[in-house]
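In this note's numbering, the protein residues as written are 10 to 222.
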Amino acid sequence: MHSDFPTLTVVQHPLVQHKLTYLRSEDTATENFRRLLKETTQMLAYEATQDLPTEPIEIRTPVATMRSPVISGKKLCFVSILRAGNGMLDGMLELLPAARVGHIGLYRDPETLEPVEYYFKVPEDIAERDVIVVDPMLATGNSAVAALDRLKECGVQALKLVCLLAAPEGVAKLAREHPDVPVFTASLDERLDEHGYIVPGLGDAGDRMFGTR
Ligand code: URA
């Protein structure tokens with residue numbers, strides 16, 4: 010937990026910080042960016058799922074029988090905020106392959122920086138699921154707040170947000186509007202610039218992972 014932001018967990022593990030350095034570097038090419046994002050997402054997911062309930066099952070090892078824990082039938086859903094959130098989905102799904110997936114399409118109006126929804130598709134039973142929203146960049150927080158608003162309108166009660174980088178402005182907004190939603194990130198960066206980019210950040214996450222610029 011972060012001292013200024015009680016809802017925020019910054020994952021300080023050296024492996025996360027090492028990979029984040031290369032994700033930030035402008036010398037990292039698209040292919041490596043995608044791989045590093047997937048690997049880092051898995052470590053963030055590891056932190057974000059610390060509280061998943063387990064139940065013991067009976068198994069036989071080559072030596073003895075025992076009762077050993079497995080994840081109990083918790084229903085999960087990952088919701089990607091398009092398009093950059095998709096770069097985090099593969100990593101999440103490799104760890105938790107039974108999870109369902111939803112997509113929310115939001116783009117930032119370049120003038121107002123306000124989110125505009127253009128797509129919304131989530132599982133029908135989403136209200137019964139624990140939902141982890143993924144978006145690499147928590148910048149102004151506008152998109153994340155809009156996505157969480159929509160999911161709560163659908164009846165979702167248990168929500169978390171996993172992002173690669175966060176700006177103080179975004180974390181503060183989220184803590185104000187959704188104080189019940191824990192946020193997991195690899196770094197709390199310094200600030201936003203006048204275009205809404207995280208500083209020092211890593212640039213446009215979508216462009217970096219899809220090679221569109
Ligand atoms: N979205 C990005 O892709 N990068 C930022 O720095 C902020 C928002």
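The C-beta atom is built at its ideal place from N, Cα and C for all residues, glycine as well.
Give the DSSP-derived three-state secondary structure of residue i in the structure shown.
i	result
A175	strand
P65	strand
G205	coil
A167	strand
F87	strand
F42	helix
A200	Ala is not the amino acid found at residue 200; the sequence shown has Arg there. R200 falls in the strand class under three-state DSSP.
F1	With the chain covering only 10 through 222, there is no way to say anything about residue 1.
V180	helix
T49	helix
Identify which residue in the options has its Cα closest to the Cα of residue i.
i	options	result
T3	P62, M97, D36 and V110	Since the displayed the chain opens at 10 and closes at 222, residue 3 lies outside it and no answer follows.
L173	K47, L104 and T39	K47
V79	I135, T63, D118 and P188	T63
A181	L211, H112 and L201	L201
A107	H27, R138 and S34	R138
A167	N151, T74 and V190	V190
V143	D216, I135, D13 and G100	G100
A57	I66, V19 and D216	V19
A256	R33, A73 and T74	The structure shown does not extend to residue 256, since the chain is modelled only from 10 to 222, so the question has no answer here.
V192	A38, P145 and T16	T16
Y128	E120, V88 and I135	V88
K83	K130, M10, T49 and D134	D134
T121	V110, R109, H27 and S152	S152
V25	M52, T39 and T149	M52
E178	T30, L102 and D198	D198
T221	T39, E126 and K28	T39
M187	M146, T74, A155 and G205	One detail in the question is off: residue 187 reads as His in this sequence, not Met. Nearest C-alpha to H187: A155.
Between which two residues does the beta strand (DSSP E) harbouring residue i extend?
i	result
K130	P124 to K130
R92	Premise fails: R92 is in no beta strand (DSSP E) and is neither H nor E.
V19	L17 to V19
T74	T74 to I80
T58	No beta strand (DSSP E) contains T58, which DSSP labels as neither H nor E.
V190	Note, V190: premise wrong, no beta strand (DSSP E); not H, not E.
First and last residue of the alpha helix (DSSP H) that includes residue i?
i	result
V25	P23 to R33
S152	N151 to E162
R217	A214 to F219
query = Would you call the stretch 202-214 and the stretch 152-172 touching, i.e. three or more CB-CB distances under 8 Å?
reply = In short, these stretches do not touch, since the Cβ pair count stays below three.
inquiry  = Report the start-end ranges of each alpha helix (DSSP H) in the stretch 95-149 that is 4 residues or longer and not cut off at the edges.
reply    = 95-104, all fully within the stretch 95-149.
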